[in-house]
Amino acid sequence: MRACVAGRGSSLPWCVCQALNLPAHRPSIAPMNSRPRPFRFERGAVHFPELALWLDAHDSRGPKEWAVVTHAHSDHIARHKRVILTDPTARLLRQRLGGQREECVLRFSERRQFSGPGGDFALTLLPAGHILGSAMVLVEWSGGSLLYTGDFRLRPSPACEPCDFAVARGCDWLVMETTFGRPEYVFPPTALVADELLRFCRAALAAGETPVLLGWTLGKAQELMCLLADSGLRVAVHEAVLPLARIYEQCGVRLGAYEALDCAGLGVPPSGGSAVRPPEGGTPNAGRVLICPPTFAQSPQRAALGPCRLAVATGWAMESSCKYRSGVDAAFPLSDHADFHELIEFVRQVRPRRVFTTHGFATAFAATLRDLGFAAEALVAAEQLTLSLGVAPTAVESPSTAARKGREGRPDA
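Residue numbering for the sequence shown follows my numbering, beginning at 103 and increasing consecutively.
And the structure:
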């Protein structure tokens with residue numbers, strides 16, 4: 103195979119460089135003139151000690167610190183006392199966590215000034231394209247600027263705001279998620295996946311079986327609802343999806359017509375909505391496409407459906423073993439994360455001075471970026487790393503370990 107040498111000591115396949123239209127070399131990175139303010143990578147979160155600022159902290163933060171919540175997936179939220187977030191994320195967080203907290207709600211692209219114990223800084227939340235309200239975080243201070251992606255994707259989705267990071271181009275640091283940071287994870291067009299999903303559903307119904315689409319209750323379920331909205335198929339959603347779907351609709355997302363899944367066949371679903379009574383001698387929810395969380399596949403309610411066909415919607419469907427691991431009849435590569443091509447295109451457009459990769463195939467993708475001439479390191483296998491332009495972590499994570507963490511630790515993929 104021809105190789106396109108893009109960095110010292112390693113190479114990328116020529117076909118990958120051609121497909122991505124990547125240059126073989128990148129200009130060397132000029133040193134920053136100002137002294138960088140160190141930040142830390144602690145327990146999967148970015149921490150600015152001198153600013154009393156956390157980005158996606160997994161542990162609850164107190165009243166003297168700000169915690170930016172990039173989106174409302176369970177692996178990105180905690181019971182913080184003070185949070186910075188978008189309005190949709192605030193609504194979803196109240197639904198998922200309850201409780202009281204000080205909320206600083208920012209509009210997308212609104213630049214807000216804050217004061218920390220070590221100086222002033224500015225924050226801007228930018229649409230990440232992951233789920234409704236998801237945000238990238240641009241932090242600017244006297245020593246430089248950092249763009250933190252959180253979970254993101256460049257592909258447009260009918261269920262959330264499109265990704266837009268134009269104001270962050272040329273930032274000093276980029277901390278990015280790389281869940282699908284290997285070349286084998288390149289997703290087909292969403293329209294093609296939607297067509298395959300509809301064929302699966304119609305084939306099941308024609309055979310007298312109930313099609314059940316499995317996706318996480320926040321983000322994936324609503325995207326499935328959007329894809330089915332104009333299909334002419336009757337849709338019923340699990341009770342765990344209902345309150346989140348209503349928030350999506352309040353924020354202007356069109357989900358189409360749907361009913362509440364009647365798991366018990368009692369006629370009145372616990373969360374309200376239009377009940378689905380089983381026909382005489384039939385089974386609950388017959389003749390409908392069901393949207394449920396993955397746990398439904400092993401639940402007692404599944405048996406009450408009678409004959410059914412299960413399908414999971416996830417980026418891990420790019421692996422041939424996905425449907426067997428998941429115990430389903432089909433797996434569709436519908437993801438709310440960026441694929442390999444999108445990750446590289448994103449870095450090309452941002453053009454930061456230095457890149458730090460996290461989650462999934464972080465080590466492999468950092469190596470890919472170095473092959474392309476970018477200064478890149480992976481943030482893995484360490485509880486705390488103090489970062490600056492002159493300090494690089496050296497932890498190594500194998501592809502198999504990264505894949506396992508991705509499949510098990512990133513349920514929203």
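Positions of the beta carbon are idealized from the N, C-alpha and C atoms, including for glycine.
Looking at residue 203 and the ligand NAP, is the gap between the Cβ and the nearest heavy atom below 6 Å?
Looking for the ligand NAP in the displayed structure turns up nothing, as the structure carries no ligands at all.
Decide if residue 294 is buried, meaning its Cβ has at least 16 other Cβ atoms within 10 Å, or exposed.
Here the question's residue 294 lines up with position 192 in the sequence shown. Counting Cβ neighbours within 10 Å, residue 294 comes out exposed, since fewer than 16 surround it.
Rounded to the nearest angstrom, what separates residue 409 and residue 429 at their Cα positions?
The sequence position of residue 409 within the sequence shown is 307, counting from 1. The sequence position of residue 429 within the sequence shown is 327, counting from 1. Whole-angstrom Cα-Cα distance: 15 Å.
At the level of alpha carbons, what is the spacing between residue 164 and residue 435?
Here residue 164 refers to the residue found at position 62 when the sequence shown is read from its first residue. Here residue 435 refers to the residue found at position 333 when the sequence shown is read from its first residue. Near 39 Å, if we compare the C-alpha coordinates of residue 435 and residue 164.
Do residue 349 and residue 227 have their beta-carbon atoms positioned less than 7 Å apart in this structure?
Here the question's residue 227 lines up with position 125 in the sequence shown. Here the question's residue 349 lines up with position 247 in the sequence shown. For residue 227 and residue 349, no; Cβs fall outside 7 Å.
By DSSP's criteria, residue 184 is part of a beta bridge. Which residues make up the other side?
As a working note, residue 184 is residue 82 in the sequence shown. Residue 184 pairs with 204.
Decide if the region 180-193 is in contact with the region 201-220; the criterion is three or more beta carbon pairs, one per stretch, under 8 Å apart.
yes
Whole-angstrom Cβ separation of residue 321 and residue 233, contact assumed at under 8 Å?
As a working mapping, residue 321 is identified with position 219 in the sequence shown. As a working mapping, residue 233 is identified with position 131 in the sequence shown. 4 Å between Cβ atoms; contact.
If you draw a straight line from the alpha carbon of residue 283 to that of residue 196, how long is it in whole angstroms?
Translated into the one-based positions of the sequence shown, residue 283 becomes position 181. Translated into the one-based positions of the sequence shown, residue 196 becomes position 94. Their backbone Cα atoms lie some 32 Å apart in a straight line.
Can the beta-carbon of residue 480 be found less than 7 Å from the beta-carbon of residue 472?
Taking the sequence shown and counting its residues from 1, one reaches residue 480 at position 378. Taking the sequence shown and counting its residues from 1, one reaches residue 472 at position 370. Cβ distance not < 7 Å, so residue 480 and residue 472 don't count as in contact.
Who are the Cβ neighbours of residue 250 in its own chain at under 6 Å, not counting the five residues just before and after it?
The count along the sequence shown starts at 1 and reaches residue 250 at position 148. If we look at residue 250 and ignore the five residues flanking it on each side, its Cβ neighbours are 148, 157, 239 and 277.
Go through the region 240-283 residue by residue and report every complete run of the beta strand (DSSP E) that reaches 3 residues or more, in order.
246-250 and 275-279
Of all the options 395, 364 and 443, which has the alpha carbon lying nearest to the alpha carbon of residue 470?
Position 368 of the sequence shown holds residue 470. That would be 443, whose Cα lies nearest to the Cα of residue 470.
Sequence-distant residues of its chain with Cβ nearer than 8 Å to residue 203 (five each side left out):
Stepping through the sequence shown from its first residue, residue 203 is reached at position 101. Answer for residue 203: 181, 182, 183, 184 and 185, listed in chain order.
Check whether the Cβ atoms of residue 416 and residue 279 sit closer than 7 Å, and answer yes or no.
For the purposes of this step, residue 416 is taken as residue 314 along the sequence shown, with counting starting at 1. For the purposes of this step, residue 279 is taken as residue 177 along the sequence shown, with counting starting at 1. No; because the gap between Cβ atoms is not below 7 Å, this pair is not in contact.
Could you name the residues that DSSP lists as bridge partners for residue 218?
On the sequence shown, position 116 is the one that residue 218 refers to. DSSP output for residue 218 lists 221 as bridge partner(s).
Proximal residues to residue 162 (C-beta, below 8 Å), its chain only, five neighbours per side dropped
In the sequence shown, counting from the first residue as 1, residue 162 sits at position 60. Correct list, in chain order: 180, 181, 182 and 183.
Spell out the partners DSSP gives residue 402 in its beta bridges.
Position 300 of the sequence shown, counted from the first residue, corresponds to residue 402. According to DSSP, which records beta bridges pairwise, residue 402 is partnered with nothing at all.
In this structure, how does DSSP classify residue 289 when only helix, strand and coil are distinguished?
Translated into the one-based positions of the sequence shown, residue 289 becomes position 187. Three-state result, residue 289: coil.
For residue 463, name the three-state secondary structure that DSSP assigns.
In the sequence shown, counting from the first residue as 1, residue 463 sits at position 361. Residue state, collapsed to three classes: coil.
Residue 340 and residue 307 - do their beta-carbons sit closer together than 7 Å?
Here residue 307 corresponds to residue number 205 of the sequence shown, with the count starting at 1. Here residue 340 corresponds to residue number 238 of the sequence shown, with the count starting at 1. Their beta carbons are not under 7 Å apart, which means residue 307 does not touch residue 340 by this criterion.
Just verifying my parser: in three-state terms, what is the DSSP assignment at residue 230?
Here residue 230 refers to the residue found at position 128 when the sequence shown is read from its first residue. In the structure shown, residue 230 sits in coil (DSSP, three-state: anything other than H, G, I, E or B).
Which of the three DSSP states, helix, strand or coil, is assigned to residue 318?
As a working mapping, residue 318 is identified with position 216 in the sequence shown. Correct three-state label for residue 318: coil.
Select from 400, 258 and 152 the residue whose C-alpha is nearest the C-alpha of residue 219.
Sequence index remark: in the sequence shown, residue 219 carries index 117 (1-based). Checked all of 400, 258 and 152; the closest Cα to residue 219 is 152.
CA-CA distance, residue 419 and residue 449?
As a first step, residue 419 must be located in the sequence shown, where it is residue number 317. As a first step, residue 449 must be located in the sequence shown, where it is residue number 347. Straight-line Cα distance between these residues: approximately 25 Å.
Under the three-state DSSP convention, the category residue 347 falls into:
One-based indexing of the sequence shown puts residue 347 at position 245. In this structure, residue 347 counts as helix in the three-state DSSP scheme.
For residue 289 and residue 326, the rounded distance between their alpha carbons:
On the sequence shown, position 224 is the one that residue 326 refers to. On the sequence shown, position 187 is the one that residue 289 refers to. Taking the straight line from one Cα to the other gives about 16 Å.
Quick one: does residue 190 have its CB under 7 Å from some CB of chain C?
Checking the listed chains, one finds no chain C in this structure; it contains a single protein chain.
Quick check for students: name the residue ranges of the alpha helix (DSSP H) that lie wholly in the region 403-448, counting only runs of 4 or more.
424-428
Mapping DSSP to helix, strand and coil, what is residue 341?
Residue mapping note: residue 341 aligns to position 239 of the sequence shown, counting from 1. Coil at residue 341, not helix or strand.
Give me the Cα-Cα distance between residue 256 and residue 465, rounded to the nearest whole angstrom.
By 1-based counting over the sequence shown, the position of residue 256 is 154. By 1-based counting over the sequence shown, the position of residue 465 is 363. Cα to Cα, the separation comes out at about 21 Å.
Please tell me whether residue 454 and residue 273 are closer than 7 Å, where the distance is taken between their beta carbons.
By one-based count along the sequence shown, residue 454 stands at place 352. By one-based count along the sequence shown, residue 273 stands at place 171. Contact: yes.
Please tell me whether residue 281 and residue 175 are closer than 7 Å, where the distance is taken between their beta carbons.
Translated into the one-based positions of the sequence shown, residue 281 becomes position 179. Translated into the one-based positions of the sequence shown, residue 175 becomes position 73. Contact flag unset, no.
Output the boundary residues of the beta strand (DSSP E) element that contains residue 478.
Start at 1 with the first residue of the sequence shown, and residue 478 comes out as number 376. It spans 478-480 - the beta strand (DSSP E) in which residue 478 sits, taken as one unbroken run.
Consult DSSP for residue 165 and reduce its assignment to one of helix, strand or coil.
The sequence position of residue 165 within the sequence shown is 63, counting from 1. Of the three classes helix, strand and coil, the one that applies to residue 165 here is coil, per DSSP.
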